[in-house]
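Peer 1: Order-wise, the sequence lines are chains A and B. Heads up, the first sequence is in our numbering, so the first residue is 1 and it goes up one at a time. Heads up, the second sequence is in our numbering, so the first residue is 1 and it goes up one at a time. The beta carbon of each residue, even a glycine, is placed where N, CA and C say it ideally should be. All values reported here derive from a predicted model rather than from experimental measurement.
Number of protein chains: 2
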Amino acid sequence: MATISDVAARAGVSTATVSRALNGKSSVDPALVQRVVQAARELGYQPNGLARNLRRQETAVIALIISDVENPFFTALARGVEDVAQAVGYSVVLCNADENGEKERRYIDVAVQERVAGVLLSPTSTATDVRALTERGTPVIAVDRPLPHAATDSVLVDTRAAAREATVHLAEQGYTRIGCLTGPSGIPTADERLAGYRDGLRSARLRRDPSLVRRAEFRAAGARAAMTELLAGEGGERPDALLIANNAMAIGALVAISEAGLRPGTDIGVVSFDDAPWAPLIDRPLTVVAQPAYEMGTVAAQLLLARVNDSSRAPTQTTLSARLIPRASSNPTA
Amino acid sequence: MATISDVAARAGVSTATVSRALNGKSSVDPALVQRVVQAARELGYQPNGLARNLRRQETAVIALIISDVENPFFTALARGVEDVAQAVGYSVVLCNADENGEKERRYIDVAVQERVAGVLLSPTSTATDVRALTERGTPVIAVDRPLPHAATDSVLVDTRAAAREATVHLAEQGYTRIGCLTGPSGIPTADERLAGYRDGLRSARLRRDPSLVRRAEFRAAGARAAMTELLAGEGGERPDALLIANNAMAIGALVAISEAGLRPGTDIGVVSFDDAPWAPLIDRPLTVVAQPAYEMGTVAAQLLLARVNDSSRAPTQTTLSARLIPRASSNPTA
DNA sequence: CCTGCCCGGGTAATCGTTTACTCACGACGT
DNA sequence: ACGTCGTGAGTAAACGATTACCCGGGCAGG
């Protein structure tokens, strides 16, 4: 594999000149540039990024550590990140922590070892430890979920208010026994959505019934089981409507509802977090809380790049808002 | 940031000993190992992966260049890749070429510059040029789509046979004017599925009608427009059933169908490629050709890792088969 | 004509590891 | 007792780029 000295030899100049010619940093005689470029082309020279990064003490790579690649919310976010990174010549390394603290820790280690320029992280739990990064001055930005023990920038959604709004919407549609299916305790988005749900009940003057609340992993399987329990009326009367904390869980819950021979909307009101292209096609079309995933990605990436260039800025917190999209699954009369 | 010489100084040994102690390669006096480990911990030493890779002339990173992050088929594949890579200590860099030859070329350049150990690629077109990689001995494996001009391993699905089977299935259900909505010409999966569709028509003894075939990007938007055209009966009588070449297109097509006031199954038969968790929830539940995406990822990753360790193996071609899952959208009588 | 500055380009140090050599020392075989 | 061999640890040479520093020559101003 051709190196810079091969190019230098072929062009009859020093390696320094090759470097300067190819990077266009300092002024080099156009005739020499010509010779160098020619030689490089002939040899099929591609600079060794490793050596370059080692010398420059920086890499044009940002790591995006997300908690679930198969969740469309995160892939939309990833696209947002990539689009802005790409535009300024940065590459994005997408790491899938899989809601697993251990994997996440490993990826954080890799991030510091590879000396990435910065890290975007959706923490698997509030216990996530990013000191390994912050102590070395690597900028970290929390997305979707806050990082309570660290003074990092964060880009969040006002998910509590959104959950409240969704719950109030269900109440306004006439549902009275509204339940909630949320994620594991300790994951901020799960807890916030539950809190917002309670806010909603209070403001709609509905009684809180703990038997209508279930937690499960942010996956379809757990949600399906939990939903089956709820519909069986274990521990009390069954709900007539439900707020579901994410997309994958909604699928599980809808499967359970359909297995029980019920139909969303008329039989049981359903609102779920995260819009998806298929949501309008479901029977009944699914009412959702649409989160600005792509936009979160772009905002977070811009913030990160800004901090890479100026590490002295004070940490900021950006909160975007979500939007309720009413469809038939929350309409008892349609 | 602490370096290996800081650790060496603190432990009172040479850098070579530190390296050996920490990597456990050669035998080092246990007492020294102890001192070194201690010193490393005290300094919070994290080896510089860049320097290590430069010296070792290898990286434990494989690049996965896919054509669409938002396509669940590719994210499932990505998970497969990641699970096997992770298990042997490799990291996966996920690059989104976005069905864009230019972006793809850029990512291939990055892959050679960063000297990744290997590349998994789903080419955006048959014109994709991977010589930059193969000439340098970087193993490349084509996934989902073949790479005609290069002698690389490939992991494919027998998509033509699957398309044929799906078409025959529609015919058996009693549909007679079966159309096809496929991807852009030049993308092998798009062309193969179209060919399989024609095979199916032939074996069901149905007449081919070019006015029932449409091409669009592998996205919802284009498919929706094309479907609207088909339903309007432009250029002939309209189809009574449709084979759709991918998941995202299916969504677009189903939207168009619903806008036209039609219902899949009874009004128009629909079979789509790619299973999705929401497919059973659609109105009507969607008949699909399920591709073994996760398995393709694991197989491809294993192949790549094998080739990283032994570059002399002859290129192989692995073909997995897809499975038809009949649901209500292809049943005219339900 | 001399001095000093500017500019283009070469020499060599540097980034932080890993590892080929080398060396010292103790043990062992003859 | 002497050569040899093995073992453990240090010295220094890579890896392949970037860049601080230096040097020589041309040119302008006094």
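Can you give me the Cβ contacts of B:V92 inside the same chain, cut-off strictly under 7 Å, excluding the 5 residues immediately before and after it?
Peer 2: Result list for B:V92: I62, L64, V81, E82, A85, in chain order.
Peer 1: Could you please tell me which residues of the segment 252-274 of chain A, in chain order, have their CB closer than 9 Å to any CB of chain B?
Peer 2: Within the segment 252-274 of chain A, the residues whose Cβ lies closer than 9 Å to some Cβ of chain B are G252, L254, V255, S258, listed in chain order.
Peer 1: Starting from A:I65, find everything on chain B with Cβ-Cβ shorter than 7 Å and list it in chain order.
Peer 2: Here the premise fails: no neighbours, minimum Cβ distance about 11 Å.
Peer 1: Would you tell me roughly how many angstroms separate the C-alpha atoms of A:N53 and B:L54, rounded to the nearest one?
Peer 2: In a straight line, the C-alpha of A:N53 is about 10 Å away from that of B:L54.
Peer 1: Just confirm the distance between the C-beta atoms of B:P139 and B:R307, as a whole number of angstroms; I'd bet it's less than 8 Å.
Peer 2: Indeed they touch by this definition, with Cβ atoms about 4 Å apart.
Peer 1: Based on Cα-Cα distance, which residue from B:Q302, B:A322, B:A328 lies nearest to B:D283?
Peer 2: For B:D283, the nearest C-alpha among the options comes from B:A328.
Peer 1: If you measure beta-carbon to beta-carbon, which residues of the segment 83-103 of chain B are closer than 7 Å to chain A?
Peer 2: Listed by position, the residues of the segment 83-103 of chain B near chain A (Cβ gap below 7 Å) are S91, V93, L94, N96.
Peer 1: For B:E135, return the contacting residues in chain A, with the cut-off set at a CB-CB distance below 7 Å.
Peer 2: Residues of chain A passing the Cβ test: G44.
Peer 1: Please list, in chain order, the residues of the segment 291-316 of chain B that have any C-beta partner in chain A closer than 7 Å.
Peer 2: Taking 7 Å as the Cβ-Cβ cut-off against chain A, none of the residues of the segment 291-316 of chain B qualify.
Peer 1: Looking only at its own chain, which residues have a Cβ that is under 6 Å from the Cβ of A:V18, when we skip the five neighbours before and after it?
Peer 2: Cβ neighbours of A:V18 beyond the five flanking positions: I4, V7, A8, V36.
Peer 1: Just the C-alpha distance for A:A76 and B:R215, rounded to the nearest angstrom, thanks.
Peer 2: Near 25 Å, if we compare the C-alpha coordinates of B:R215 and A:A76.
Peer 1: Which runs of the alpha helix (DSSP H), 4 residues or longer, sit entirely within the segment 28-66 of chain A?
Peer 2: Counting whole runs of 4 or more residues, the segment 28-66 of chain A contains the alpha helix (DSSP H) stretches 30-43, 49-56.
Peer 1: If the cut is a Cβ gap below 9 Å, which residues of chain A does B:P72 touch?
Peer 2: Residues of chain A passing the Cβ test: E70, P72, T75.
Peer 1: If the cut is a Cβ gap below 9 Å, which residues of chain B does A:P139 touch?
Peer 2: None at all; the shortest Cβ gap to chain B is about 15 Å.
Peer 1: Suppose you measure from the CA of B:E172 to the CA of B:L254; what does that come to, to the nearest Å?
Peer 2: B:E172 and B:L254: Cα-Cα distance of roughly 22 Å.
Peer 1: Give the residues from the segment 196-210 of chain A that approach chain B closer than 8 Å (Cβ to any Cβ), ordered along the chain.
Peer 2: The residues in question: there are none.
Peer 1: Provide the residue span of the alpha helix (DSSP H) that contains B:I187, from first to last.
Peer 2: Element bounds for B:I187: n/a, residue is neither H nor E.
Peer 1: Over what stretch of residues does the beta strand (DSSP E) that includes A:T333 continue unbroken?
Peer 2: No beta strand (DSSP E) contains A:T333, which DSSP labels as neither H nor E.
Peer 1: Which residue comes first and which comes last in the beta strand (DSSP E) that contains B:L242?
Peer 2: Residues 241-244.
Peer 1: With distance defined between alpha-carbon atoms, name the residue in A:L281, A:S258, A:A256 nearest to B:G261.
Peer 2: Closest by alpha carbon: A:L281.
Peer 1: Helix or strand or just coil, what does DSSP make of A:A127?
Peer 2: Three-state DSSP puts A:A127 in coil, outside helix and strand.
Peer 1: According to the neighbour-count rule (16 or more other Cβ atoms, all chains shown, within 10 Å of its Cβ), is A:D29 buried or exposed?
Peer 2: Exposed: under 16 other Cβ atoms inside 10 Å.
Peer 1: By how many angstroms is the C-alpha of B:Q291 removed from the C-alpha of A:V271?
Peer 2: Cα to Cα, A:V271 sits roughly 30 Å from B:Q291.
Peer 1: Taking buried to mean at least 16 other C-beta atoms within 10 Å of its own C-beta, is B:H169 buried or exposed?
Peer 2: Buried, by the Cβ-count rule.
Peer 1: Please classify B:V157 as buried or exposed, where buried requires at least 16 other C-beta atoms within 10 Å of its C-beta.
Peer 2: Classification for B:V157: buried.
Peer 1: Measure the Cβ-Cβ separation of B:G49 and A:R115 and say whether it is below 9 Å.
Peer 2: Their beta carbons are under 9 Å apart, which means B:G49 touches A:R115 by this criterion.
Peer 1: Closest Cβ-Cβ distance between A:A39 and chain B: below 9 Å?
Peer 2: Output row for A:A39: interface = no.
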